[in-house]
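Chemist: Let me give you the structure first, and then I'll get to my questions.
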Amino acid sequence: MNWGSWQNFLAMGGYGLYVWGSYVVTLVVLVAEIVALVMRRRGVIERLAKYYAARRRDHETEA
Amino acid sequence: MSKSRKFSWYYFSSPQSFYPLAGTLQPWFAALAVLLCAVGLYISFFVAPTDAQQGESYRIIFIHVPAAWMSMFLYLVMGFWSGVGLVLNTRLSSMVATALAPTGALFTFIALWTGALWGKPTWGTWWVWDARLTSELILLFLYIGFMALQAAIDDQRRADKAGAVLALVGVINIPIIYFSVKWWSTLHQGASVSMTGAPTMAKTMLLGMLIMALGFWMYSIAATLARVRCVILERERQTDWVAAEIGGQK
Amino acid sequence: MIRALGWVLRRDLLLAFRRRGDVVNALVFFVIVVSLFPLGVGPEASQLRNMAPGVLWVAALLACMLSLARLFAPDHQDGTLEQMLLAGEPLVVLVAGKVISHWLMSGLPLVLMAPLLGLQFDLPGDALAVLCVSLLIGTPVLSLIGAVGAALTLGVRGSGVLVALLVLPLYVPVLIFGAGAVGAVAAGTGAEAHLLLLGGFLALSVVLAPWACAAALRIAME
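Protein chains in written order, with the numbering used here: chain B, 12 to 74; chain X, 8 to 257; chain U, 99 to 320.
Structure follows, in structure tokens:
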């Protein structure tokens, strides 16, 4: 498939808005999911670290 | 009495042993996803020819159809692992089912969004009540229902099991819903408006769709593995191995 | 087992009879919702006639769904449900009894009320008859599917809206063929296929739903 020029490629025969609207939103959604997962993992580790530190402190004061 | 240690897949059915396995496998699936999607995108833009009737707008099909396939496939997989967790009482299966839902829902959303953007230039309206889009909409409701039910129940085991019953009821209903919606749509609109029909499949188009579907599949596995690792950490926080894992992270 | 079924039925009907207001409320909801549509889209007769099957069916479906809150929650609150789970009788039988009584109190009144409302929409006589038959076959399915949803959300925060979210997508096939039957008759083509399919849904849900509901109740009460 030879597009001839960047303009042709971006214009998509007049349907540029729809085609790129689809591909770009898909990319954004998938990237957002990845980012959300990374943030979720970091949040979990942070929260659990605090939880374990608090638990250690409790055990120390009990003992 | 000594017994030779035979490898068994059941070894990985405990969260503790699955966690490192998931961590090791995830980058590989992510890499496969990137590779397959790159090939699929290349085919979709540079190999597949222009369509006679729809011009370039048909290229949306390379996202729309694979996303729709994935949304239905992931629901079946979710139902399967949910059911396994319900029947065999294994925690990890339920965790995997919970981890699958958001990815499935996102693919359903992508199918709906791309369907709307495909419908506008082709049939003039932003929403087309054809069989596939309407079924996808109902599937989105089923996903959201599953996630909402699990979020609303505080007791973890009850949430897992209730979600499993719901997911299994959904799995049984999906063919019924699809068939009903197909009947409804042909009855009211006739076969002229159908996203399943157009355009006629050239070999390159089919190949592109298959490769994108595989790419989406690999992506789903990678995302689910990452999410299930978070779920495992959250739910197993009372165990020593998670404490050691978190200690090692800091 | 039949004795247990009869006992559950008798008890539920007696309790419902003592609180007749609940049954009447659901019926009034049905009438009000149906009346909203002409107010929303205008009184033009042909438009209303086209809309009637869908409007009547959606309103019936919503009324059924709202009454699901009365299915298990009261028994759960006063401890009867726990006793039912502990009883020697199979839970499936007790569930079946509750669903039958639920249908008698919420579905059947709709079937009886619907022709009057159909007249408001200028539906012809044969369409009204098919409307009644489709509701007669379809509302038990709604009760059966709804029972599963009610059992899953027993005692959960915000269960009212949650039940709607869970159960409405599952209602879609019943709606399609129920309203489709009436539409087919109004258009002149026969409604046999639609009604037969509704009957198939009824058979399927009679077999599967009580099991799923009993499983969900056990999960909720663990």
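Ideal Cβ placement from N, Cα and C applies to all residues, glycine included.
Quantities reported herein were computed from a predicted structural model and do not represent experimental measurements.
Contact between the segment 224–244 of chain X and the segment 50–57 of chain X: three or more CB pairs below 8 angstroms?
Modeler: As far as the Cβ criterion goes, the segment 224–244 of chain X does not touch the segment 50–57 of chain X, which means the pair count is below three.
Chemist: What residues in the segment 64–88 of chain X have a beta carbon less than 8 angstroms from any beta carbon of chain B?
Modeler: Result list: S64, R66, I67, I70, H71, A74.
Chemist: For G195 of chain U, I'd like the list of residues in its chain whose CB is within less than 8 angstroms of its CB, leaving aside the five on either flank, ordered along the chain.
Modeler: Against the third sequence, residue 195 of chain U aligns to sequence position 97. Counting only Cβ-Cβ distances below 8 angstroms, and skipping sequence neighbours, we find A102, L103, G104, W105, V106, L107, D110.
Chemist: Going by other Cβ atoms of all chains shown within 10 Å of its Cβ, with 16 needed for buried, is H200 of chain U buried or exposed?
Modeler: Start at 1 with the first residue of the third sequence, and residue 200 of chain U comes out as number 102. So H200 of chain U ends up on the buried side.
Chemist: Taking the Cβ atom as the reference point for each residue, do V272 of chain U and L240 of chain U lie within a distance shorter than 8 angstroms?
Modeler: In the third sequence, counting from the first residue as 1, residue 272 of chain U sits at position 174. In the third sequence, counting from the first residue as 1, residue 240 of chain U sits at position 142. In contact: V272 of chain U and L240 of chain U (Cβ atoms closer than 8 angstroms).
Chemist: Is D173 of chain U helix, strand or coil when you go by DSSP?
Modeler: One-based indexing of the third sequence puts residue 173 of chain U at position 75. Looking at D173 of chain U - three-state DSSP - the assignment turns out to be helix.
Chemist: Measure the CB-CB distance between I50 of chain X and G215 of chain X and report whether it falls below 8 angstroms.
Modeler: Along the second sequence, read from residue 1 onward, the residue named residue 50 of chain X stands at position 43. Along the second sequence, read from residue 1 onward, the residue named residue 215 of chain X stands at position 208. Result yes, Cβ atoms of I50 of chain X and G215 of chain X sit closer than 8 angstroms.
Chemist: Give the C-beta separation of I243 of chain U and A169 of chain X to the nearest angstrom, bearing in mind that I take them to be a contact with Cβ-Cβ under 8 angstroms.
Modeler: Indexing the third sequence from 1 puts residue 243 of chain U at position 145. Indexing the second sequence from 1 puts residue 169 of chain X at position 162. Actually they do not touch by this definition, with Cβ atoms about 16 angstroms apart.
Chemist: Give every residue of the same chain whose Cβ lies closer than 6 angstroms to the Cβ of I151 of chain X, excluding the five residues on either side of it in the sequence, and list them in chain order.
Modeler: What you label residue 151 of chain X is simply residue 144 of the second sequence in a count that begins at 1. Here the set comprises nothing.
Chemist: Determine the burial state of G204 of chain X: buried for a count of at least 16 other Cβ atoms within 10 Å of its Cβ, exposed for fewer.
Modeler: Locating residue 204 of chain X in the second sequence gives position 197, counting from the first residue. Here G204 of chain X scores only 49 on pLDDT, less than 50, and its place in the model should not be relied on; the value that follows carries that caveat. Burial call: exposed.
Chemist: Count the other C-beta atoms from every protein chain shown that fall within 10 angstroms of the C-beta of M225 of chain X, then say buried if there are 16 or more, exposed otherwise.
Modeler: On the second sequence, residue 225 of chain X is found 218 positions in, with the first residue counted as 1. Under this definition M225 of chain X is a buried residue.
Chemist: Taking Y18 of chain X as the reference, give the member of X:A166, X:L217, X:T97, X:A158 with the closest Cα.
Modeler: As a first step, residue 18 of chain X must be located in the second sequence, where it is residue number 11. It is X:T97 whose Cα lies nearest to the Cα of Y18 of chain X.
Chemist: First and last residue of the alpha helix (DSSP H) that includes P222 of chain U?
Modeler: By one-based count along the third sequence, residue 222 of chain U stands at place 124. Unbroken run through P222 of chain U: none, as it is neither H nor E.
Chemist: Helix, strand or coil for G297 of chain U, going by three-state DSSP, please let me know.
Modeler: Sequence index remark: in the third sequence, residue 297 of chain U carries index 199 (1-based). DSSP places G297 of chain U in helix when its eight states are reduced to three.
Chemist: Between which residues of its own chain and M212 of chain X is the CB-CB distance below 6 angstroms, once the five residues before and five after are set aside?
Modeler: Position 205 of the second sequence, counted from the first residue, corresponds to residue 212 of chain X. The answer, listed in chain order, is A55.
Chemist: Can you find a C-beta in chain B that's less than 8 angstroms from the C-beta of T193 of chain X?
Modeler: The residue given as residue 193 of chain X occupies position 186 in the second sequence. No, no contact with chain B.
Chemist: How should D220 of chain U be labelled, buried or exposed, when 16 other C-beta atoms within 10 angstroms of its C-beta is the threshold for buried?
Modeler: What you label residue 220 of chain U is simply residue 122 of the third sequence in a count that begins at 1. By the 10 Å Cβ count, D220 of chain U comes out exposed.
Chemist: Going straight from the alpha carbon of V191 of chain U to that of V246 of chain U, what length do you get?
Modeler: Taking the first residue of the third sequence as position 1, residue 191 of chain U is located at position 93. Taking the first residue of the third sequence as position 1, residue 246 of chain U is located at position 148. Approximately 14 angstroms between the Cα atoms of the pair.
Chemist: Going straight from the alpha carbon of V6 of chain X to that of A47 of chain B, what length do you get?
Modeler: Residue numbering for chain X in the displayed model covers 8 to 257; residue 6 of chain X lies beyond these limits and cannot be assessed.
Chemist: Scan the segment 85–156 of chain X and note each continuous alpha helix (DSSP H) run of 4 residues or more that stays entirely inside, going in chain order.
Modeler: DSSP runs (the alpha helix (DSSP H)) wholly in the segment 85–156 of chain X: 98–130.
Chemist: Could you spell out where the alpha helix (DSSP H) holding A22 of chain B opens and where it closes?
Modeler: Residue numbering aside, residue 22 of chain B sits at position 11 when the first sequence is read from its first letter. From DSSP, the alpha helix (DSSP H) with A22 of chain B extends over 17–22.
Chemist: Let me confirm a value: P73 of chain X is counted as buried when at least 16 other C-beta atoms fall within 10 Å, else exposed. Which label applies?
Modeler: Counting from one through the second sequence, the residue named residue 73 of chain X turns up at place 66. Under this definition P73 of chain X is a buried residue.
Chemist: Run through chain X and tell me which residues come within less than 8 angstroms of R68 of chain B, C-beta to C-beta.
Modeler: Stepping through the first sequence from its first residue, residue 68 of chain B is reached at position 57. The contacting residues do not exist; R68 of chain B stays about 14 angstroms from chain X at best.
Chemist: Give me, in chain order, the residues of the same chain whose beta-carbon lies closer than 6 angstroms to that of L264 of chain U; leave out the 5 immediate sequence neighbours on both sides.
Modeler: Counting from 1 along the third sequence, the entry for residue 264 of chain U is found at position 166. If we look at L264 of chain U and ignore the five residues flanking it on each side, its Cβ neighbours are G247.
Chemist: Where G288 of chain U and A225 of chain U are concerned, what is the direct C-alpha to C-alpha distance, given to the nearest angstrom?
Modeler: Residue numbering aside, residue 288 of chain U sits at position 190 when the third sequence is read from its first letter. Residue numbering aside, residue 225 of chain U sits at position 127 when the third sequence is read from its first letter. Each residue's Cα considered, the two are about 11 angstroms apart.
Chemist: Counting only Cβ pairs nearer than 7 angstroms, list the residues of chain B close to I253 of chain X.
Modeler: Stepping through the second sequence from its first residue, residue 253 of chain X is reached at position 246. Chain B residues near I253 of chain X: I56, L59, A60, Y63.
Chemist: I'd like the list of long-range same chain contacts for P206 of chain X, defined as Cβ closer than 7 angstroms, with 5 residues on each side in sequence excluded.
Modeler: Taking the second sequence and counting its residues from 1, one reaches residue 206 of chain X at position 199. Model confidence at P206 of chain X stands at a pLDDT of 49, short of 50, so the residue's coordinates are unreliable and nothing is read from them.
Chemist: When Cβ atoms are compared, which residues of the segment 33–47 of chain B fall closer than 9 angstroms to chain X?
Modeler: Here the close residues are S33, Y34, V36, T37, V40, L41, A43, E44, I45, A47.
Chemist: Tell me where the alpha helix (DSSP H) around I218 of chain X begins and ends.
Modeler: The residue you call residue 218 of chain X lines up with position 211 of the second sequence. From DSSP, the alpha helix (DSSP H) with I218 of chain X extends over 210–242.
Chemist: Residues of chain X with a CB under 8 angstroms from the CB of G15 of chain B: which are they?
Modeler: Locating residue 15 of chain B in the first sequence gives position 4, counting from the first residue. The premise fails here: G15 of chain B is roughly 12 angstroms from chain X at the closest Cβ pair, so nothing lies under 8 angstroms.
Chemist: Taking C-beta to C-beta, are F223 of chain X and M77 of chain X nearer than 8 angstroms?
Modeler: Walking along the second sequence from the start, residue 223 of chain X turns up at place 216. Walking along the second sequence from the start, residue 77 of chain X turns up at place 70. Contact: yes.
Chemist: If we count the other Cβ atoms within 10 Å of its Cβ and call it buried at 16 or more, is L294 of chain U buried or exposed?
Modeler: The sequence position of residue 294 of chain U within the third sequence is 196, counting from 1. When all chains shown are included, L294 of chain U counts as exposed.
Chemist: What residues of chain X sit near R255 of chain U, judged by a beta carbon separation below 8 angstroms?
Modeler: Stepping through the third sequence from its first residue, residue 255 of chain U is reached at position 157. The contacting residues are A159.
Chemist: Since W31 of chain B is in the alpha helix (DSSP H), which residue starts that stretch and which ends it?
Modeler: As a position in the first sequence, residue 31 of chain B is number 20, starting the count at 1. Start and end: 27–73.
Chemist: Measure from the alpha carbon of W120 of chain X to the alpha carbon of each residue in X:T141, X:A106, X:S101, then state which is nearest.
Modeler: Indexing the second sequence from 1 puts residue 120 of chain X at position 113. Among X:T141, X:A106, X:S101, the Cα nearest to that of W120 of chain X is on X:T141.
Chemist: Can you tell me whether V39 of chain B is buried or exposed? The criterion is at least 16 other CB atoms within 10 Å of its CB, across all chains shown.
Modeler: Taking the first sequence and counting its residues from 1, one reaches residue 39 of chain B at position 28. Per the 10 Å Cβ criterion, exposed.
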